[in-house]
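Heads up, the sequence shown is in UniProt numbering, so the first residue is 1 and it goes up one at a time.
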Amino acid sequence: MPVLLVHGTHGFLTPETIGEFRAGVPRAEIVGIEAGHNVQEQQPAALAAATSRFLPGPTDGTA
Numbered sequence: 001m002p003v004l005l006v007h008g009t010h011g012f013l014t015p016e017t018i019g020e021f022r023a024g025v026p027r028a029e030i031v032g033i034e035a036g037h038n039v040q041e042q043q044p045a046a047l048a049a050a051t052s053r054f055l056p057g058p059t060d061g062t063a
């Protein structure tokens, strides 16, 4: 199952916590964005870009 963890580099997640997550879900994609805990408010364009890169687009020409 594809997993994306997006976190603010100045948020609540410590490097140790991220390392534990990576150990538990080794194939996860982890993206740090220069923001605090509320990435969606502080860096909405960066969050949208990260999720757009991760999520597949339509393959049959429809939305």
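Heads up, the beta-carbon is just placed ideally off N, CA and C, and yes, glycines get one too.
These numbers come from a predicted model, not from an experiment.
>> According to DSSP, simplified to helix, strand and coil, what is G36?
In response: coil
>> Which residue wins for smallest C-alpha separation from A28, given the options P58, G36, M1, Q42?
In response: M1
> How many whole angstroms separate the CB atoms of I30 and L5, which I take to be in contact at a CB cut-off of 8 angstroms?
Replying inline: 5 angstroms
> With DSSP run on the structure shown, which of helix, strand or coil describes G19?
Replying inline: helix
> DSSP on G24, reduced to helix/strand/coil?
Replying inline: helix
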